[in-house]
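K.L.:
Okay, handing you the structure first.
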């Protein structure tokens, strides 16, 4: 039956009684025509209205069903056929067929659904709502010996796992156990890659992260690392990167991370530490990122600092100072920043020479490295007076900070530079630091920071300016006048949106600048007494009390 039109007519006529013998030859003819010229044949099938009879052909579930599903799969390779397939109502009977036991029907049905829903998040979401995920996970378990079916399931998982709405359904199945079991069996690089492509999006979900850890995925990943670390084939390099990246991703979940940390005695934790001194950049990167992820609570941080991890990170950074790997620099600095958060760690890390090594990266022109460098130093000097004074009198550091405060293209670097500049003054409370920052042009940026949209930054700037005025107003006077400190304070005090802390610290600063004649005159000209007087009835008692004290001070000096 070579004539396609005749076959299509016969298919339409015979579909009503679903006589298998009658339609078998028609279906073979269609498949042959599709193989010869898919686009033209698909258009003809649509034109002749044959799509409308396919739901009943699928529902019949007989020896022809696999061929019908195959024809749909072939047609749906064409983008222009996907909507007509949906409009013809093909999705519900196809989804129903996923419950049958015939492996060929399952394979062709999976292909048909995959092609119809290809690149359509709305259709994929519809499949999720119809409950295909538990069905496909079950199929993977039952038919794991069937390579073609297994691959079909993996491709479907890879597409569906990209949708956030799928994660909850996946988490309610035994997908983690099935994927890990399948992974262990694989030898070929391509097959492992297929599983990796499913694992990566699934592992973004914290519940599934823990399930994957409990199913033994970490041990599989460590095995891949061991097998590929010394390999120079392209596929070895790819597998090493994928497996170590996935390992780091698993550590982003609090429960999965803590399970692998095991109080710092976990074998996985120890293995990951051994990556840091490696000569392989990918392992160095993964090791540093893993430490940064383990360092997400104080207990872990304290344990790691006490067991000498800081030295490993410093040695790693030293290897990457000149023309180093930027991603490794960034990761190692991230780890140090996190480790520096607990108060008890700061002095130990300073004694280990962390600030000296970090300062070597001041010359970096890479914003991600600059950002982490600034954050690390800011964490280190918090409450550490001597360190803040030592760094705050480092002219090269202050010059670089002032330069980065102008980095308008990199908001993160600009914000961190401002915050570190402020922190050097606040934590050192040193006249020498105030003088270094003032002479380096830092006052301008502190005044701008006081008008930030972020309250914490406003507050830090006001406190730093207050310390500056209290310790060396003579040195800062010219900049205070030139950058309109008094006008900024007036605006903050009269703005109803200003937080109580902002109003409080603004009044403290007003009192501190009264010793300067030009600043005193500005305070008088802007009628600050009236502004402050209005704050005496503020609902915040601390603000109200400070308003009374400030009013007395202004009255006494008027």
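Numbering (my numbering), first residue to last: 13 to 570. Glycine included, every Cβ here is placed at the ideal spot set by N, Cα and C. Predicted, not measured: the structure shown is a model, and the values here were computed from it.
For residue 38, does the count of other Cβ atoms within 10 angstroms reach 16, so buried, or fall short, so exposed?
P.N.:
buried
K.L.:
Pick from 58, 274 and 85: whose alpha carbon is nearest that of residue 70?
P.N.:
85
K.L.:
Residue 28 to residue 64, Cα distance in whole Å?
P.N.:
In this prediction, residue 28 scores a pLDDT of 47, lower than 50, which makes its location untrustworthy; the coordinate-derived value is nonetheless stated afterwards. Those two C-alpha atoms are separated by around 11 Å.
K.L.:
Let me make sure I understand the geometry here. Which of 209, 437, 95 and 262 has the alpha-carbon closest to that of residue 250?
P.N.:
209
K.L.:
Give, in chain order, every unbroken run of the alpha helix (DSSP H) that is at least 4 residues long and sits entirely within the segment 384-441.
P.N.:
397-404, 407-416 and 423-440
K.L.:
Give the C-beta separation of residue 269 and residue 217 to the nearest angstrom, bearing in mind that I take them to be a contact with Cβ-Cβ under 8 Å.
P.N.:
Not quite, the Cβ-Cβ distance comes to about 14 Å (not below 8 Å), so this is no contact.
K.L.:
Tell me the DSSP secondary structure of residue 190 in three-state form.
P.N.:
In this structure, residue 190 counts as helix in the three-state DSSP scheme.
K.L.:
Classify residue 266 as helix, strand or coil using the three-state DSSP reduction.
P.N.:
helix
K.L.:
Do you know how far the Cα of residue 223 is from the Cα of residue 388?
P.N.:
33 Å
K.L.:
Drop a sphere of 10 angstroms on the beta-carbon of residue 196, count the other beta-carbons inside from all chains shown, and report buried for 16 or more, exposed for fewer.
P.N.:
Classification of residue 196: exposed, given that the 10 Å Cβ count is below 16.
K.L.:
Just tell me which of 484, 16, 313 and 482 has its CA closest to the CA of residue 57.
P.N.:
16
K.L.:
Is the beta carbon of residue 138 less than 8 Å from the beta carbon of residue 167?
P.N.:
no
K.L.:
Does DSSP put residue 378 in a helix, in a strand, or in coil?
P.N.:
coil
K.L.:
When the distance is taken between beta carbons, is residue 107 closer than 8 Å to residue 142?
P.N.:
Closer than 8 Å, so yes.
K.L.:
Would you call the CB atoms of residue 314 and residue 356 closer than 8 Å?
P.N.:
yes
K.L.:
Confirm, please, whether the CB-CB distance from residue 230 to residue 256 is below 8 Å.
P.N.:
no
K.L.:
Does the Cβ of residue 13 have 16 or more other Cβ atoms within 10 Å, making it buried, or fewer, making it exposed?
P.N.:
The predicted model places residue 13 with a pLDDT of 40, which falls under 50 and marks its position as unreliable; any figure quoted below should be read in that light. Looking at its Cβ environment, which holds fewer than 16 other Cβ atoms inside 10 Å, residue 13 is exposed.
K.L.:
Per DSSP, what kind of secondary structure is residue 38 in: helix, strand or coil?
P.N.:
helix
K.L.:
Locate the alpha helix (DSSP H) running through residue 530, then write down its first and last residues.
P.N.:
529-537
K.L.:
For residue 303 and residue 432, I'd like the C-alpha separation in whole angstroms.
P.N.:
Their Cα atoms are separated by approximately 24 Å.
K.L.:
If you follow the alpha helix (DSSP H) that residue 486 is part of, which residue opens it and which one closes it?
P.N.:
Residue 486 -> alpha helix (DSSP H) spans 467-494.
K.L.:
Identify which residue in 504, 336, 325 and 136 has its Cα closest to the Cα of residue 473.
P.N.:
504
K.L.:
Do the CB positions of residue 552 and residue 514 come within less than 8 Å of each other?
P.N.:
no
K.L.:
Might you give, ordered along the chain, the residues of its own chain that have their beta carbon closer than 7 Å to the beta carbon of residue 494, omitting 5 neighbours on each side?
P.N.:
none
K.L.:
Cα separation between residue 200 and residue 385?
P.N.:
42 Å
K.L.:
Using the beta-carbon count (16 or more within 10 Å), is residue 105 buried or exposed?
P.N.:
buried
K.L.:
Take residue 115 as the anchor and find which of 88, 99, 125 and 154 has the nearest alpha-carbon.
P.N.:
154
K.L.:
When the Cα of residue 359 is compared with those of 393, 338, 349 and 328, which residue comes out closest?
P.N.:
393
K.L.:
Quick one: grab the DSSP three-state call for residue 130.
P.N.:
coil
K.L.:
What residue does the alpha helix (DSSP H) around residue 341 start on, and which one ends it?
P.N.:
Residue 341 -> alpha helix (DSSP H) spans 338-351.
K.L.:
Can you tell me the Cβ-Cβ gap for residue 144 and residue 187, rounded? I've got them flagged as a contact below 8 Å.
P.N.:
So it is not a contact: roughly 13 Å between Cβ atoms.
K.L.:
Would you identify the three-state DSSP class for residue 148, choosing helix, strand or coil?
P.N.:
helix
K.L.:
Please report how far the alpha carbon of residue 567 lies from the alpha carbon of residue 409, in whole angstroms.
P.N.:
42 Å
K.L.:
For residue 507, which option in 482, 465, 378 and 530 has the closest C-alpha, if you only look at C-alpha atoms?
P.N.:
By alpha-carbon distance to residue 507, the top candidate from 482, 465, 378 and 530 is 465.
K.L.:
Is the Cβ-Cβ distance between residue 544 and residue 492 less than 8 Å?
P.N.:
Residue 544 places its beta carbon 8 Å or farther from that of residue 492.
K.L.:
What does the alpha-carbon distance come out to for the pair residue 165 and residue 151?
P.N.:
8 Å
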